[in-house]
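These notes are about the structure you will find just below.
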Amino acid sequence: MANWDWQVFCKDTIDGEVVANCWGSGKDITYLHWMVEAWGWTVAVSLVGLVIALVVGSLVGVMRTLPNSPWLVRFGNAWVELFRNIPLLVQVFLWYFVLPKMIPVMKGFPPFVLVVCALGFFTSARIAEQVRSGIQALPRGQRYAAMAVGFTTFQSYRYVILPMAYRIIFPPLISESMNIFKNSAVAFAVSIPVLAQFYLQAGEETGAQVEMFVGVTALYIVSALAVNRIMTAIEKRLRIPGFVAPGGTGGH
Amino acid sequence: MKKHLLVMAMAAIGVSGVYAQTNDTLAKIKASGNISLGVRDSSALSFTLGNGKYVGFHTEMAERIVDDLSKAVGKKLAITYTPVTSQNRIPLVQNGTVDLECGSTTNNLARQKDVAFAVTTYMEEVRIATKANSGITGIKDLNGKTVATTTGTTSVQTLRKNERANGIDFKEVMGKDHADSFLLLESGRADAFVMDGSILAANISKSKAPADFKIVGEVLSVEPIACMIRKDDPAFKKAVDDSIKHQIADGSLAKLYDKWFMQPIPPANTKIGLPMSEATKAAWANPNDKPMEAFNSK
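In order, the protein sequences belong to chains V and H. Residue numbering for the first sequence follows this note's numbering, starting at 1 and increasing by one per position. Residue numbering for the second sequence follows this note's numbering, starting at 1 and increasing by one per position.
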C-alpha cells in the first residue's frame, strides 16, 4: 500500500503530467475531471432510467390488479414476464443492435435513449411486481369501501388504494432505486462512457488500477447512498402515524 | 474483529505491490518442471480456439522459447497456459502466477516500472479502418466524424493525442472489446475504427464482406509488442532474449510470421493478409527492448 499514488488523478489525460489545479482547462482535462464526467453519465443514465421505471412500473403494476379487465391484466403479466426473464445485458444489446435493425426509425435514436429504455423497462418489471404485491397486500375491504362510496375505478385507486400501497412498498422501492445505479454499469457495453468504462480505460492508461478502482467504487457508494438517504427521507415524510403495513391480516 | 477483516481486505488489495518476489525464474521453473505462459483470448497475436487450446504468432513463438528454456535448465518443461486480460496481466506477472506473458503487450515506460520486457518481436502500427466508400483517407478527414476504438487499449490515448496535435474535433465511442468496436463501424454507428493494424486486418478478414472495409491513412503510432517477464531477473531475460534472437537468426520466426499473417489460419481458415511492416523488420534486424516512447518522440 505504500506505493499507492493518488496524484495520478491530477495527471493530464494526454501527456501524463501532473496539473496544478488537478482539473485541467478546456480540452486538456485530468483523470479526476474525466472521472467526474463519467460519474455524470452514470447519474444521468440511472436517474432517467429510474423515472421511466417508476412511471411504467406503476402503470403496469396497477394494470395487473384491475378488476374486470382480463386483457389488461394479461398484458401486464406478459410485460413483467418478458422484461424480468431476459438478462439485463441481453436486453441492452437487443435495444442497441437488434431493434434498430427491425425498426429503421430507431437508427436515429442516440445510444443514451436506447440504454435508458433498456434499463428503465427492465427495472419497470420489478417495480410493477412490487406495486402489484403492495396493492394485493391491502385488505380487500378497502376496495369495497371505495366502491361503496361510489368511487369510479380511477378514483378508488387514486384516493384509497395507491396511497396505502405505495407506503407499503416503499422499502423495496428504495432498494430498486439503488439497484438501478449499480445496474447502470451495463451501459458501458454499448459505449456510454460511464464509470465502469472510465475504470477500464484509465486503469489501463495510467497503470494505477487500484487507485482508479477505489475512486470509482467511492463514487458508486456515494451515489447509491445519496439515493438511499433521499428516498428514506421521503418515506419518513410520507409516514402516517398509526398506519402499519398489514401483516397476515389481509383479505377480510 | 471488524478491524481484522479490514486489514485482511486491504492486504489482499495491496498484495501485488507488497510481497517481494523471489527473482529467479530459471530456478523456479527448474524446480517445478513447469512454466506458466500468459496467453490472450482474442488478440491478433495470441488467441484461443476453445477447449483450453491457445494459438497465434506469439503463442507459438513462446512455445519455442520454452523449448530453448528446457535445454537451458536441462529438463523438459511442461507449459501451463494461463489466459490473462489487459487488466490483470501485469499483476499476474508480478506475483508469479505467470512466468512469461507473450500476448500483445506494448512495451512502454509506465509498464517498465512494474515489469521487464524481452526484445521486441512485433511492431504494431495504429491505423484507421473505415468503410471503403466513406471517402476518409486520413486523420484530417475525421473532423466532425464519430470514431470507434476499444476500451482498455493504448489507441484511445493515441487518438486523443492526434486529435489535439492536428486541431481536429471528433466524437469518440469506445467499444467494450474489439469485436464490439468493429460492430460499431459495421453498423454505421461509427465512421472509423482506430486500432492496432493487426487487429483491424483480422477483424476485416473475419467480417461478412471484407471488401467493404479498408485500412487507410498514416500510421498514428508505433508500438513495440514484446513478451513480458518479471523485473530484475537478468538471467531469465537473457535466456528468453537469446531464444528470440536465435529464432530471428535462423529464419524460423519469419516462417512463423508467414504462417500466422499470410496463410489461412484457424478457426475460420481466413487470411489476415498483413505483410511484415518495415518497423517490424527493423526491430528484428536490430533486436532491442526500447519502450514505445523511443519510437514516437514528437
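From the three backbone atoms N, C-alpha and C, an ideal C-beta is built for every residue, glycine too. On a predicted model such as this, the values are computed, not experimentally measured, just so you know.
Asked                                                                                                                    : Found
Secondary structure of Gly-40 (chain V), DSSP reduced to three states                                                    : helix
Under 8 Å from the C-beta of Gln-201 (chain V): neighbouring residues of chain H                                         : Thr-151, Gly-152, Val-156 and Met-174
Proximal residues of chain V, C-beta to C-beta of Ala-116 (chain H) below 8 Å                                            : By Cβ distance, chain V contributes nothing, its closest Cβ being about 14 Å from Ala-116 (chain H), past 8 Å.
Whether Thr-80 (chain H) touches Leu-37 (chain H) by CB criterion (8 Å)                                                  : yes
Cα-Cα separation, Val-222 (chain H) to Ile-52 (chain V)                                                                  : 46 Å
Chain V contact for Gln-94 (chain H) (CB, 8 Å cutoff)                                                                    : no
Those residues which DSSP pairs with Met-174 (chain H) across a bridge                                                   : H:Thr-149
Lys-145 (chain H) versus Leu-47 (chain V): straight-line alpha-carbon distance, rounded                                  : 29 Å
Spatially closest choice to Ser-43 (chain H) from H:Ala-254, H:Leu-274 and H:Ala-179, by CA coordinates                  : H:Ala-179
Interface flag, Leu-184 (chain H) vs chain V, CB-CB below 8 Å                                                            : yes
Chain H contact for Ala-261 (chain V) (CB, 8 Å cutoff)                                                                   : With chain V represented from 1 up to 252, any question about residue 261 (chain V) goes unanswered, as that position is not in the structure.
Whole-angstrom distance between Pro-275 (chain H) and Phe-261 (chain H), CA atom to CA atom                              : 7 Å
Residues sharing a beta bridge with Gly-24 (chain V), DSSP                                                               : V:Ile-29
For Val-194 (chain V) and Phe-188 (chain V), the rounded distance between their alpha carbons                            : 6 Å
Other residues of its chain near Asp-5 (chain V): CB distance less than 8 Å, five sequence neighbours each side excluded : Ala-208 and Glu-211
Cβ-based neighbour list, Leu-54 (chain V), same chain, cut-off 7 Å, excluding 5 preceding and 5 following                : Ile-127
Cutoff 8 Å; reference Gly-203 (chain V); Cβ partners in own chain excluding five residues on either side                 : Gln-209, Met-212 and Phe-213
Closer than 8 Å to chain H by CB, Gly-250 (chain V)                                                                      : At Gly-250 (chain V) the pLDDT is 43, less than 50, meaning the model places this residue with poor confidence and gives no usable figure here.
Which of helix, strand or coil DSSP assigns to Gln-21 (chain H)                                                          : No answer about Gln-21 (chain H) holds up, because its pLDDT of 49 lies below 50 and its placement is not dependable.
Ala-165 (chain H) versus Ile-168 (chain V): straight-line alpha-carbon distance, rounded                                 : 59 Å
Within chain H, partners of Thr-13 (chain V) - CB distance below 7 Å                                                     : Arg-160
Test item: CB-CB of Arg-40 (chain H) and Ser-134 (chain H) under 8 Å                                                     : no
Contact under 8 Å by Cβ, Thr-232 (chain V) with Glu-176 (chain V)                                                        : no
Neighbour-count burial assignment, Ile-192 (chain V), 16 or more Cβ in a 10 Å radius                                     : buried
For Gly-50 (chain H), the residue or residues it bridges with in DSSP                                                    : H:Lys-53
Status (buried if at least 16 other CB within 10 Å, exposed otherwise) for Phe-154 (chain V)                             : exposed
Interface residues of chain V facing Ser-86 (chain H) [CB-CB closer than 7 Å]                                            : Glu-204
Closest Cα partner of Met-164 (chain V) within the set V:Gly-134, V:Arg-140, V:Asn-183 and V:Leu-119                     : V:Gly-134
Beta-carbon proximity of Met-61 (chain H) to Gln-247 (chain H), cut-off 8 Å                                              : yes
Contact under 8 Å by Cβ, Asp-177 (chain H) with Thr-150 (chain H)                                                        : yes
Minimum length 3: unbroken beta strand (DSSP E) runs contained in the region 167-250 of chain H                          : 171-175, 192-196, 213-225 and 228-230
Separation of Leu-100 (chain H) from Cys-10 (chain V), as counted between CA atoms                                       : 33 Å
8 Å Cβ cut-off: residues of chain H touching Gly-207 (chain V)                                                           : Ile-90, Ala-110, Arg-111, Lys-113 and Asp-114
Min CB distance Ala-165 (chain V) to chain H below 8 Å                                                                   : no
Runs of alpha helix (DSSP H) wholly within the region 110-196 of chain V (minimum 4 residues, chain order)               : 111-137, 140-148, 153-156 and 162-183
Sub-8 Å separation of Phe-170 (chain H) and Leu-142 (chain H) beta-carbons                                               : yes
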